[in-house]
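Enquirer: Heads up: the sequence shown begins at 1 in the UniProt record's numbering, then just goes up one per residue.
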Amino acid sequence: MSRNAFRNDAASESGSITTAFEALQSSPEFRGPVEPLEDHEHVHANDHFALIYESQEEQFAAVIPFLRQGLERNERCLYITAENSREEVLEAMRERGIDVDAALDSGQLSVHDETETYLRNETFDADETVAFIDAAIEDATEEYEALRMAGEMSSVLQEDPEGEELVKCEAKANYLFDDADGIALCQYNRNRFPSDVIHDVVSTHPLLIHDERVSYNVYYTPPGEFFGPEKTAREVDRQLEALRDQTDAKVELQRRERFLRESHEITAEPELDFETKLEELLDLGCEWMGLDAAGLTHLPARDDKFHNQCTIGYGDGSDEGRTDPGEGCYCRRAIESDEPVGMADVRGTEWEDDEIYREHGLACYLGTKVTNGPTPYGTLWVGSTEPRDREFTDTERTFLELMGQWVSYEIEREHRERSLEASNERLEQFAYAASHDLQEPLRMVSSYLRLIDTQYGDAFDADGEEFLEYAVDGADRMREMIDGLLAYSRVETGGDPFEPIELETVLDDVLEDLQLRIEDADAEITAGDLPRVEGDGNQLRQVLQNLLDNAITYGGRSPPRIRIDATRRKREWVLSVSDDGIGIEPENQDRIFDIFDRLHSRDEYDGTGIGLALCQRVVERHGGEMWVESEPGEGSTFFFTLPAA
1 MSRNAFRNDA ASESGSITTA FEALQSSPEF RGPVEPLEDH EHVHANDHFA
51 LIYESQEEQF AAVIPFLRQG LERNERCLYI TAENSREEVL EAMRERGIDV
101 DAALDSGQLS VHDETETYLR NETFDADETV AFIDAAIEDA TEEYEALRMA
151 GEMSSVLQED PEGEELVKCE AKANYLFDDA DGIALCQYNR NRFPSDVIHD
201 VVSTHPLLIH DERVSYNVYY TPPGEFFGPE KTAREVDRQL EALRDQTDAK
251 VELQRRERFL RESHEITAEP ELDFETKLEE LLDLGCEWMG LDAAGLTHLP
301 ARDDKFHNQC TIGYGDGSDE GRTDPGEGCY CRRAIESDEP VGMADVRGTE
351 WEDDEIYREH GLACYLGTKV TNGPTPYGTL WVGSTEPRDR EFTDTERTFL
401 ELMGQWVSYE IEREHRERSL EASNERLEQF AYAASHDLQE PLRMVSSYLR
451 LIDTQYGDAF DADGEEFLEY AVDGADRMRE MIDGLLAYSR VETGGDPFEP
501 IELETVLDDV LEDLQLRIED ADAEITAGDL PRVEGDGNQL RQVLQNLLDN
551 AITYGGRSPP RIRIDATRRK REWVLSVSDD GIGIEPENQD RIFDIFDRLH
601 SRDEYDGTGI GLALCQRVVE RHGGEMWVES EPGEGSTFFF TLPAA
């Protein structure tokens, strides 16, 4: 079998994974730190792991993925047994999906016991073991990319119960792995080794696996220090450094969490307008990044200069329309890039030639593109007149990018709302003009019909009188529809300003207006406690009157029983009007809100088909929604929401 038989898609992508540490971090079997290895002090090019385990299950859960990656990366894999038998190891590999037989047949995988490796001369010697590993690496790399070893260390205790020679070997192996194409995973059963040996094992391995976690070892001691005269002092320094780093990381995490929480609170606050939210977000971003200026710039399509739309800490607030920052390097770079663009210190760079630095001294800048849909709109930026002593981190860039995405969303939403408002306004103007223009000829038709009835009514036979009655009735219905269309078209423009409204008072007025209808139908109307809401009193009166009138009209044969209730839901009230009438088929429950759409003929139920459409539009003007829940023959409940006062 070819020695490349175990390479798969994962292996073909491994060129981006330069170390076994990174490969293990990318494995779904493990969790590990997110920071790259090269960011840490005392990092060498070796890959020398220690696996600290407490059960066979935990042991194999780590070592089998380690070996699988070696097979996939075309490495020679060597397993050294001690407390597990050769058969147990191979069976564990089979159970986890490795084609063991093919690996053995090709020679890419081999399993040996300690007498063939560590204890070839019946005693454990650090120098001999390192020499054995060196020779094995040289032999393996003649055909494979590297040697990957996984060794169980328990048998060494028999020859080296204090672990002195073992720890010496582990420390010396680090020198070997510095330059050799070798990867080692030394396996230590915590239940079998003394604690002081485990302590030294941890100290001599730069990389650790424990409890399904792969991590860089902050307690690692380089060999020169481990065997040096100042070992204890350096260990104390390292412990203090680890404690300091841990504290700093916790503080930074708390800062990030506070920033995210406050950002969410600002953007989610319904009482704040976009401009106020933007200013508060920019203030927060400056505070978090330690900067003193920020802004939103706009690049109009008809212009080639950026205009300040909002700035903080920059200028006196009266520089609307100024082209800062960015005719050259600054915002121009940001708007042309799909990722945030920044410079911690513009001095000595091409950014230094930009007008914004020469004339206004903005020496530090980070900006991200803002869009209106697919169209570039401008940039969101933070900066300072003082150079920054460190580069912008990926976290800071991500936060600014997220802020820019939110600003883009708000700008697009505002643009859509303005377009919709303009469209609605044109539609209202058309409907109003059309309705108004129709009224005059309709009044003329009605007047002449009545004049004909008055002067020539006696000359008509029964059919003529019936035809005339139809014409008059049609004209009256047409007038009602025009009046309804006028009312519908003027919901937005003809309404009153919102103010606190007591719905109890509104309901009393409606019941008084409908008194005769209620008495004629013998209707029973009850209501719970109704709230105070923010709205247009006249329009809300119209909504309740239409809903109650419909409930009476469609009440069925028995006297209608109608109930009005209100339930608080966060910042709004949910109102409901329930009846026990004829109900509505499910397929018609959306249709009833369409203007001029009727479910019944006029012979069955009178009406224009505008009432519910008008109610829904009034509710939408109040920022609410309206819907119905109904079962045919069981009645209907109309719900609508209104803002709490």
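Note that the Cβ used here is the ideal one computed from N, Cα and C, for glycine as well.
These numbers were taken from a predicted model, which means no experiment stands behind them.
1) How many Å lie between Arg418 and Ile411 at the Cα?
2) I'd like to confirm the pairing. Which residues does DSSP put opposite Thr349 in its beta bridges?
3) Does the segment 74 to 81 come close enough to the segment 141 to 161 to have 3 or more Cβ pairs within less than 8 Å?
4) Could you tell me the distance, in whole angstroms, from the CA atom of Thr117 to the CA atom of Val130?
5) Which of the three DSSP states, helix, strand or coil, is assigned to Asn372?
6) Figure out for me which residue from Val491, Glu587, Phe132 has the closest Cα to the Cα of Ala173.
7) State the DSSP-derived secondary structure class of Gln108, mapped to helix, strand or coil.
8) Once the 5 residues before and after Asp509 are set aside, which same chain residues still bring their CB inside 7 Å of it?
9) If you draw a straight line from the C-alpha of Glu279 to the C-alpha of Phe66, how long is it?
10) Report the partner residues of His48 according to the DSSP bridge assignment.
11) How many whole angstroms separate the CB atoms of Ala92 and Ile64, which I take to be in contact at a CB cut-off of 8 Å?
12) Can you give me the C-alpha to C-alpha distance between Arg261 and Leu281, rounded to a whole angstrom?
13) Alpha carbon to alpha carbon, how far is Lys250 from Ser106? Give it in angstroms, no decimals.
14) Return the bridge partner residues of Ile501 from the DSSP annotation.
15) Determine the burial state of Pro340: buried for a count of at least 16 other Cβ atoms within 10 Å of its Cβ, exposed for fewer.
16) Is the beta carbon of Asn217 sitting closer than 9 Å to the one on His205?
17) By the DSSP assignment, the beta strand (DSSP E) with Leu78 in it spans what residues?
18) Using DSSP with H/G/I as helix, E/B as strand and the rest coil, what is Thr123?
19) Excluding the 5 residues preceding and the 5 following Arg388 in the sequence, name in chain order all residues of the same chain whose CB lies nearer than 7 Å to its CB.
20) Give me, in chain order, the residues of the same chain whose beta-carbon lies closer than 8 Å to that of residue 647; leave out the 5 immediate sequence neighbours on both sides.
21) Quick one, are the C-beta atoms of Lys277 and Glu269 less than 9 Å apart?
22) Alpha carbon to alpha carbon, how far is Gly474 from Asp483?
23) Output the distance between the C-alpha atoms of His40 and Glu391, rounded to the nearest integer angstrom.
24) Label His264 either buried or exposed according to how many other C-beta atoms from any shown protein chain fall within 10 Å of its C-beta, with 16 as the threshold for buried.
25) Answer yes if the segment 528 to 538 comes into contact with the segment 547 to 562, meaning at least three C-beta pairs across the two stretches below 8 Å, and no otherwise.
26) Take Val202 and list the residues in its own chain whose beta-carbon comes closer than 7 Å to its own, dropping the five residues that flank it on each side.
27) Where do the ends of the beta strand (DSSP E) carrying residue 670 lie?
28) Just mark Pro560 as buried or exposed, buried being the case when its beta carbon has 16 or more other beta carbons within 10 Å.
29) Look up Ala527 in the DSSP assignment and say whether it is helix, strand or coil.
30) By the DSSP assignment, the beta strand (DSSP E) with Thr385 in it spans what residues?
31) Does the Cβ-Cβ distance between Phe638 and Glu625 come in under 9 Å?
32) In the DSSP assignment, what are the bridge partners of Ser263?
33) Report the partner residues of Leu442 according to the DSSP bridge assignment.
34) Per DSSP, what kind of secondary structure is Tyr554 in: helix, strand or coil?
35) Gly404: which of Val618, Leu166, Glu359, His298 sits nearest, CA to CA?
36) Where Glu72 and Asp101 are concerned, what is the direct C-alpha to C-alpha distance, given to the nearest angstrom?
Expert: Taking the definition as stated:
1) 11 Å
2) According to DSSP, Thr349 bridges with nothing at all.
3) yes
4) 11 Å
5) strand
6) Phe132
7) coil
8) Arg541
9) 51 Å
10) Ala184
11) 6 Å
12) 12 Å
13) 50 Å
14) Val533
15) buried
16) yes
17) 76 to 81
18) coil
19) Ala344, Asp345, Cys364
20) Outside the shown range of the chain, which is 1 to 645, sits residue 647, and nothing can be said about it.
21) yes
22) 14 Å
23) Because His40 sits at a pLDDT of 34, beneath the cut-off of 50, its placement in the model cannot be relied upon, and the point is left open.
24) exposed
25) no
26) Ala50, Leu208, Asn217, Tyr219
27) The displayed coordinates of the chain run from 1 to 645. Any statement about residue 670 would go beyond what the structure contains.
28) buried
29) strand
30) Thr385 -> no beta strand (DSSP E), and no H or E assigned at all.
31) no
32) DSSP lists no partner for Ser263.
33) Per DSSP, none; premise fails for Leu442.
34) coil
35) His298
36) 15 Å
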